[in-house]
Every structure is written in structure tokens, then in C-alpha cells.
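Going by the numbering used here, the first residue of the sequence shown is number 1192, and it counts up by one from there.
Each residue gets a CB set at the ideal place from its N, CA and C atoms; glycine is no exception.
Because the structure is a prediction, the values reported are computed rather than measured.
See below for the structure under consideration.
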Amino acid sequence: MQYALRQISDKNFILIDAVEDSVLTEHGDTIVDGKQPADDVFELIYGVYMPQPGIDRYEATTNANESVGYWLGAVQETTCHAIGLEDAVFYPPVQIGNAIRVPFAALVCIGADALAKVRTDSVRALTCFLRFREQMTPATNILNRRGLFAFKSFDKRLSGVLTKNNWKECIDEDRVHRTAAKVR
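Right, dumping it as C-alpha cells:
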């Protein structure tokens, strides 16, 4: 299982990726921000938004929507890669036990390092979060985020160039739901 709850105080838990947990333990505040990728290279990504415990379906969807147009962070080793969440289509939340999942298709501006993770790892999702780069370190941001985005797959079948105007025409809704079901 890729995601788990980590206890941060007597009664507080956060949702965290196993890799993030390891990086926080080993490197903490030595994680550095990477460069922002070029704005003109877009990818169509499928995945789910997962809110922190205690956040309801409505607030989860609101939080996810409010992230559109901002930079996300994705920690790999000791670097927090910047990923632009240019636009997204969010689908109705799904309740799995106590967990809420908001499936989505998103247009992202993503660098080669982070994209390689999504392209080559068929088991794990790339975990991203709304990055408050000016206000806090990547480690502090992980511990204080409202939720996380799990990028599970990207669309390899596209033949043309994705733009902010045409990308929604390329969404495969069946794939949105199939992909969402694979995130654990």
C-alpha cells in the first residue's frame, strides 16, 4: 500500500505517501525546491485527489478545485519538483471506507524527471501537493497540506499537441474511473 496515516501528535494524523515518509525521516528540511518546468509542455494526467482525515466530500472537491492554476510539489529523493496544475476536471467523490477519493483528469506542466516517474512506474502513483513555496519548506508543506494528488497515469495515445483550449476533448472518462480505482 502506497498511502498511510502518519501520527503527528496525540490525536492528529496526516495522509502520507510511503516515499514521502521515508524522505521526511531521512532528509527533513534539507529537501530543496527544483526548477519550474517550461510553461509550454503539457501532459494529460489521470489520478485522484485525497483529502486529509476529517475533510468531507464537499470540502475535498472544493480544495481540489482551488488548486487549479497553481504549482504543485512532488518530492523525489531530496528534490521537490514543481508541477503546474493548469486545469482539471474533477468527478464526483468516491467513498472507500473512511477515505474519500476525487477522481480527475488534469492538464499539467510537468518536467522530465517527474514525468518519467509516472511513465515508468505502473504500481506507484506520483504524489503531489499544493506547494506554498514562499511560505514554507517542502517538508513543512507536506505536514500541513489539505490533501494530496496521486498522479497514476498519463495519456500516451494522444497524437496532437495538447493546449489549454483542446485538452478536455482528449479526456477518456472510462480511464478516469479505471485509474482512480487503482490508487491505494
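*Could you please give me the residues that DSSP links to Asp1224 through a beta bridge?*
Cys1271
*Assign Tyr1249 to one of three DSSP states: helix, strand, or coil.*
If DSSP states are grouped into helix, strand and coil, Tyr1249 belongs with the helices.
*Rounded separation between Glu1277 and Arg1375 - CA only*: Looking at the two C-alpha atoms, the distance is approximately 25 angstroms.
*Determine the extent of the beta strand (DSSP E) in which Asp1208 is found, giving its start and end residues.*
Phe1204 to Asp1208
*Which residues in the same chain have their Cβ closer than 6 angstroms to the Cβ of Ala1296, if we skip the five residues on either side of it in sequence?*
Tyr1237, Val1280, Ile1362 and Val1367
*So, is Asn1332 buried or exposed, given that buried needs 16 or more other C-beta atoms within 10 angstroms?*
buried
*asked:* At the level of alpha carbons, what is the spacing between Val1259 and Lys1202?
replied: 31 angstroms
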